[in-house]
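Take a look at the structure set out below.
Set out below in structure tokens:
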């Protein structure tokens, strides 16, 4: 086994790529500070429909695509591959699933996980973008998809204590109204502005099951909430008398 074969095997292990995928070449570009990895699919292997998992004939390949991976030392690492397309009788022509990335993403799963950790640790988008060498739009897209994945995984569980609060953002006293699960310390839903309408929309998003499980609602003491928040907005909630925010009392 020569040095190049060792390098390709090394990156196959690092990327977690196995048959029918394999690393074909690894090129180091010192001037550009990049590592380019070419990955290919074994033409002798059948392909699977991503929707039903059925073995299908291969129709063709997509054009070569590129994914950003975790850096190798200080070198930006890129994966390049053409995606096989399955010809499924039930679902038509579909790109096969990739072991390193979600569909239509320009980043690998491991890079996305790392990027989310960086975004959470940074105080703002600009700092995260600088550390990751990404644009503001790319950071926003990663965050947006992360939220969508979280919402898909969220279960309709019982919520004992609800919290309704306002948060300011930007300049000029812009507000959002936030509905929280106080026990789990998670955000359930967010609406722009602070008004009775915003509160009504938030509470209307709850299922009957969640409303019946609610025992208490903690509400911000802001005058807007005091005058515009009504018991009828929590129709279906089984809760004790409304409680105010302890933070506001001690503030």
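In our numbering, the protein residues as written are 3 to 253.
Even for Gly, the Cβ is constructed at its ideal location relative to N, Cα and C.
Predicted model only: the values in this text are computed from it and were never measured.
Based on Cα-Cα distance, which residue from the options lies nearest to residue i?
i: residue 91; options: 52, 123, 44 and 37; result: 52
i: residue 210; options: 197, 180, 160 and 193; result: 160
i: residue 106; options: 208, 41 and 68; result: 68
i: residue 23; options: 32, 34, 40 and 178; result: 40
i: residue 75; options: 163, 35 and 120; result: 35
i: residue 108; options: 141, 128, 223 and 13; result: 141
i: residue 187; options: 201, 163 and 38; result: 163
i: residue 96; options: 20, 64 and 170; result: 64
i: residue 66; options: 84, 128 and 224; result: 84
i: residue 89; options: 61, 98 and 143; result: 61
Verify whether the separation of the beta carbon atoms of residue i and residue j is less than 8 Å.
i: residue 166; j: residue 219; result: yes
i: residue 190; j: residue 148; result: no
i: residue 102; j: residue 81; result: yes
i: residue 196; j: residue 179; result: yes
i: residue 13; j: residue 25; result: yes
i: residue 181; j: residue 116; result: no
i: residue 135; j: residue 78; result: yes
Can you tell me which of the three DSSP states residue i falls into?
i: residue 67; result: strand
i: residue 123; result: helix
i: residue 43; result: strand
i: residue 231; result: In this prediction, residue 231 has a pLDDT of 46, which is less than 50 and means its spatial position is unreliable; what the coordinates show is noted afterwards. It is coil, neither helix nor strand.
So residue i is in the alpha helix (DSSP H); what residue range does that whole segment cover?
i: residue 138; result: 138-155
i: residue 214; result: 210-215
i: residue 133; result: 127-134
i: residue 201; result: 198-206
Who are residue i's beta bridge partners in DSSP?
i: residue 171; result: 176
i: residue 113; result: Residue 113 is not bridged to any residue.
i: residue 188; result: 183
i: residue 25; result: 41
Just curious, the beta strand (DSSP E) that residue i is in, first and last residue?
i: residue 34; result: It is not in any beta strand (DSSP E) - residue 34 carries neither H nor E in the DSSP assignment.
Is residue i a contact residue of the ligand NAD, with contact defined as CB to any heavy atom under 7 Å?
i: residue 84; result: Within the structure as shown, the ligand NAD is missing, as the structure has no ligands at all.
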